[in-house]
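Engineer: Structure incoming, see below.
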Amino acid sequence: MIIDTHLHWPMSGDLDARPLVEVMDAMNIDGAVVCGLEVLFAPTSAPARHWNDRLMAFCAHNPARLTPLVSVHLSQGQSAIDEARRCIEAGPISGFKLHPWLQGESLRLPATSELCELAGERALPLMLHDGTPPYALCSQVAMLACEHPRTTFILGHSGLLHYWREAAEVGSRFDNVYLTLCGGHPWGMGRICRLVPAERLLWGSDCLGPGNEEIIGYRLGLVDLLELDPYVREAIMNGNARRLWRSLIGRSGQ
Amino acid sequence: MLRVDGYCTIGLVGDEEDSPDELLRRLDRCGIEAAVIAPPPRCLAWSNEAGNDAVLGAAAAHPDRFIPAVTANPWRPDAANLVAACLRRGGRMLALDPAAQGFNPAEGHADAILRTLLDGGLIVPVYVHTGHHSHGAPSQLALLARRFPRIPFIMGHSGASDYANDVAPACALAANLFMESSFARPPGFIARAAAIGFDRAIMGSGHPYNDMAFEWSFMERLLAAEHRPAVLGGNLLRLLEGRL
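In order, the protein sequence lines correspond to chains A and B.
Just so we're aligned, residue -13 is where the first sequence starts under the numbering used here, counting upward by one.
Just so we're aligned, residue 14 is where the second sequence starts under the numbering used here, counting upward by one.
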């Protein structure tokens, strides 16, 4: 069984979730933690609320297979926190996603700390794009993890291609940080698996939506190449995600 | 169709030694005729001579299989002379890694090497690692390439991953700039090759960081048959023959 913990799908068109579920079926993926796309850009066309509502509605079509990660724009200060609280009430949601370089927002904005505390208080993980300076280094997430020990942080890329050692250092030092095998090369991912406790590793495709489905097979193939004990592989591909997101049932749990 | 892997690393990578013989066996298993071989990161950054000796030695032993890419850290006062000497010993490409070697290609640190090569008639393809850090962005490489329009530059990793959107504009800025695929994920790489031209795209596996067989099989499955001869070897061989 496989849970894709890092998957994007556009929310500007038809909210029919069946095409995504068909892709998941074809790839033998049981569940997906879904983030939108448009909300990760500056809020010019619509506010975060618009995209978050659409994402929640999209996932509600098949809650056994899909669960949403909503996003806010930290630069909007209290409005961002209000939107996060609203999503929690309107949910269910599975946490928050921040993409500091796409959203153009430093993690040192005042709203960040409040969002981290809110996420910790509600036991909702906070996933971040990572591996890209100057706003999204693994070590910058580590600073947040140190400041907010109740909150679970997820490195969405485990340092991508060039900062995987930094990601491994963060993962081995901070118990409240999970690493997603998503975006790295197998050589680095294999070493992350040796250095970071297996119970805090996840897998994700970073599929960007229709037309980008090939990346799912590619990233599944990369993990298949890793020499992992069967129980570690099961934890990465399935078990850890189910433990982290208890609301995510997945196909086999229906 | 001749299949040539555009970038492999030999030597001590992290805690593992990858020997030329092992690479040969891997090439044979994958049905690949030849591969560019380059020194590992520590030899790109510091032990340049050791890395250069290793790739030149391996290529001398297997001249029909290995294409040696030599290096020198541009901060070395003797970098230009070291590179020129290695090219005269059989080096066929220059490999630069701005992140490992600590320089910004947009600035002038590597220019002395390149001027020396031009003056000495030693024009070879220059492979420059790019990536999602601040030293080695495609835009920085494009500025370097524009300063040396007679030299072909290969954009290693095609800016993977977060500079992917800059690849096509960078190639538009410099006609002597070519994109290489390792780390760049075959689906996205092929889409960008379609935008800038398949005659400017070079397949590289990134071995041993990537799995050679997996990368080649994925690329061959997605790449249209009409583009395979160029991307999977022809474009690189053309540059090695001195034809831009």
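Cβ coordinates follow ideal geometry from the N, Cα and C atoms, glycine included.
It should be emphasised that the depicted structure is a prediction, and the values quoted were computed from it without experimental measurement.
#1: Using a beta-carbon distance below 8 Å, is LEU235/B in contact with chain A?
#2: Does HIS47/A come within less than 8 Å of chain B when only Cβ atoms are used?
#3: Since PRO111/A meets chain B, which of its residues come closer than 7 Å, beta carbon to beta carbon?
#4: Give me, in chain order, the residues of the same chain whose beta-carbon lies closer than 7 Å to that of HIS240/B; leave out the 5 immediate sequence neighbours on both sides.
#5: Just the C-alpha distance for PRO52/B and ILE222/A, rounded to the nearest angstrom, thanks.
#6: Could you spell out where the beta strand (DSSP E) holding GLU193/B opens and where it closes?
#7: Report the rounded CA-to-CA distance for PHE227/B versus GLY207/A, giving the unit in angstroms.
#8: Do you know how far the Cα of ASN65/B is from the Cα of CYS99/B?
#9: Residues in the region 163 to 176 of chain A with C-beta within 8 Å of chain B's C-beta atoms, listed in sequence order?
#10: Beta-carbon separation of ASP77/B and MET225/B under 8 Å?
#11: Let me confirm a value: MET14/B is counted as buried when at least 16 other C-beta atoms fall within 10 Å, else exposed. Which label applies?
#12: Measure from the alpha carbon of HIS268/B to the alpha carbon of each residue in PRO111/A, MET113/A and HIS148/A, then state which is nearest.
#13: Can you give me the Cβ contacts of SER247/A inside the same chain, cut-off strictly under 6 Å, excluding the 5 residues immediately before and after it?
#14: Express the C-alpha separation of LEU250/B and ASP161/A in angstroms, rounding to a whole number.
#15: For ALA185/B and GLU193/B, what's the separation of their Cα atoms in angstroms?
#16: Please confirm if ILE201/A has its CB atom under 8 Å from at least one CB of chain B.
#17: Let me confirm a value: ASP175/B is counted as buried when at least 16 other C-beta atoms fall within 10 Å, else exposed. Which label applies?
#18: Three-state secondary structure (DSSP) at ALA3/A?
#19: Compare the C-beta of THR118/A against all C-beta atoms of chain B and say whether one is closer than 8 Å.
#20: Excluding the 5 residues flanking GLY239/A on each side, which residues of the same chain have their C-beta closer than 6 Å to its C-beta?
#21: Ends of the alpha helix (DSSP H) at VAL156/A?
#22: Helix, strand or coil: how does DSSP classify TRP88/B here?
#23: Kindly provide the ranges of any beta strand (DSSP E) runs that are 3 or more residues long and lie completely inside the region 159 to 242 of chain B, ordered along the chain.
#24: Can you give me the C-alpha to C-alpha distance between LEU1/A and VAL139/B, rounded to a whole angstrom?
#25: Could you give the uninterrupted runs of the alpha helix (DSSP H) lying entirely in the region 8 to 67 of chain A, keeping only those of 4 residues or more?
#26: Roughly how many angstroms separate the alpha carbons of VAL9/A and GLU199/A, rounded to a whole number?
#27: Is the region 229 to 246 of chain B touching the region 164 to 174 of chain A in the sense that three or more CB pairs, one from each, lie closer than 8 Å?
#28: State yes or no: is the beta carbon of HIS148/A nearer than 8 Å to at least one beta carbon in chain B?
#29: Using a Cβ cut-off of 8 Å, pull out every chain A residue sitting near PRO199/B, in sequence order please.
#30: Which bits of chain B does LEU211/A rub up against, with CB to CB less than 7 Å?
#31: What separation, rounded to the nearest whole angstrom, lies between the Cα atoms of GLY17/A and ARG108/A?
#32: CA-CA distance, GLY81/A and ALA154/A?
#33: Which stretch, first to last residue, makes up the beta strand (DSSP E) that contains ILE140/A?
#34: Please name the residues in the region 125 to 150 of chain B whose beta-carbon is closer than 7 Å to at least one beta-carbon of chain A, in chain order.
#35: Do you know how far the Cα of PHE161/B is from the Cα of LEU135/B?
#36: Terminal residues of the continuous alpha helix (DSSP H) containing ASP77/B?
Structural biologist: Taking the definition as stated:
#1: Here residue 235/B is taken as the residue at index 222 of the second sequence, counted from 1. Yes, LEU235/B lies at the interface with chain A (some Cβ there is under 8 Å from its Cβ).
#2: Position 61 of the first sequence, counting from 1, holds the residue named residue 47/A. Contact of HIS47/A with chain B is not assigned, every C-beta pair being separated by 8 Å or more.
#3: Stepping through the first sequence from its first residue, residue 111/A is reached at position 125. Within chain B, no residue comes near PRO111/A; the closest Cβ sits about 23 Å away, beyond 7 Å.
#4: Within the second sequence, residue 240/B is the residue found at index 227, counting from 1. Once the five neighbours on either side are set aside, the close Cβ partners of HIS240/B are PHE211.
#5: The residue given as residue 52/B occupies position 39 in the second sequence. The residue given as residue 222/A occupies position 236 in the first sequence. Distance between the alpha carbons of PRO52/B and ILE222/A: 33 Å.
#6: As a working mapping, residue 193/B is identified with position 180 in the second sequence. Per DSSP, GLU193/B belongs to the beta strand (DSSP E) from 190 to 193.
#7: The residue labelled residue 227/B in the question sits at position 214 within the second sequence. The residue labelled residue 207/A in the question sits at position 221 within the first sequence. C-alpha separation (whole angstroms): 8 Å.
#8: The residue given as residue 99/B occupies position 86 in the second sequence. The residue given as residue 65/B occupies position 52 in the second sequence. Rounded to whole angstroms, CYS99/B to ASN65/B spans 7 Å at the Cα level.
#9: GLY169, HIS171, PRO172, TRP173 and GLY174
#10: Here residue 77/B is taken as the residue at index 64 of the second sequence, counted from 1. Here residue 225/B is taken as the residue at index 212 of the second sequence, counted from 1. Contact: no.
#11: Residue numbering aside, residue 14/B sits at position 1 when the second sequence is read from its first letter. Exposed: under 16 other Cβ atoms inside 10 Å.
#12: Shown here, chain B extends from 14 to 257; a query on residue 268/B therefore has no answer.
#13: Outside the shown range of chain A (-13 to 240) lies residue 247/A, about which nothing can therefore be said.
#14: As a position in the first sequence, residue 161/A is number 175, starting the count at 1. As a position in the second sequence, residue 250/B is number 237, starting the count at 1. Their Cα atoms are separated by approximately 50 Å.
#15: For the purposes of this step, residue 185/B is taken as residue 172 along the second sequence, with counting starting at 1. For the purposes of this step, residue 193/B is taken as residue 180 along the second sequence, with counting starting at 1. Each residue's Cα considered, the two are about 15 Å apart.
#16: The residue labelled residue 201/A in the question sits at position 215 within the first sequence. Yes, ILE201/A lies at the interface with chain B (some Cβ there is under 8 Å from its Cβ).
#17: Position 162 of the second sequence, counted from the first residue, corresponds to residue 175/B. Result: buried.
#18: Within the first sequence, numbered from 1, the residue matching residue 3/A stands at position 17. Coil at ALA3/A, not helix or strand.
#19: Start at 1 with the first residue of the first sequence, and residue 118/A comes out as number 132. Taking Cβ atoms only, chain B reaches closer than 8 Å to THR118/A, which makes this a yes.
#20: Residue numbering aside, residue 239/A sits at position 253 when the first sequence is read from its first letter. Low confidence applies here, because GLY239/A scores a pLDDT of 41, under 50, leaving its location unreliable; read the following figure in that light. None.
#21: The residue you call residue 156/A lines up with position 170 of the first sequence. 150 to 159 is the extent of the alpha helix (DSSP H) around VAL156/A.
#22: Position 75 of the second sequence, counting from 1, holds the residue named residue 88/B. Reduced to three states, the DSSP call for TRP88/B is coil.
#23: 166 to 169 and 190 to 193
#24: In the first sequence, counting from the first residue as 1, residue 1/A sits at position 15. In the second sequence, counting from the first residue as 1, residue 139/B sits at position 126. LEU1/A and VAL139/B have their C-alpha atoms some 48 Å from each other.
#25: 34 to 46
#26: For the purposes of this step, residue 9/A is taken as residue 23 along the first sequence, with counting starting at 1. For the purposes of this step, residue 199/A is taken as residue 213 along the first sequence, with counting starting at 1. Approximately 7 Å between the Cα atoms of the pair.
#27: no
#28: The sequence position of residue 148/A within the first sequence is 162, counting from 1. Yes, because at least one Cβ of chain B sits closer than 8 Å to the Cβ of HIS148/A.
#29: As a first step, residue 199/B must be located in the second sequence, where it is residue number 186. Ordered by position in chain A, the residues that pass the 8 Å Cβ test against PRO199/B are GLU200 and TYR204.
#30: As a working mapping, residue 211/A is identified with position 225 in the first sequence. Here the neighbours are ASP224 and PHE227.
#31: Position 31 of the first sequence holds residue 17/A. Position 122 of the first sequence holds residue 108/A. Straight-line Cα distance between these residues: approximately 22 Å.
#32: Here the question's residue 81/A lines up with position 95 in the first sequence. Here the question's residue 154/A lines up with position 168 in the first sequence. Distance between the alpha carbons of GLY81/A and ALA154/A is about 23 Å.
#33: Taking the first sequence and counting its residues from 1, one reaches residue 140/A at position 154. ILE140/A -> beta strand (DSSP E) spans 139 to 141.
#34: GLY144, HIS145, HIS146 and SER147
#35: Taking the second sequence and counting its residues from 1, one reaches residue 135/B at position 122. Taking the second sequence and counting its residues from 1, one reaches residue 161/B at position 148. C-alpha separation (whole angstroms): 13 Å.
#36: Residue numbering aside, residue 77/B sits at position 64 when the second sequence is read from its first letter. No alpha helix (DSSP H) holds ASP77/B; DSSP gives it neither H nor E.
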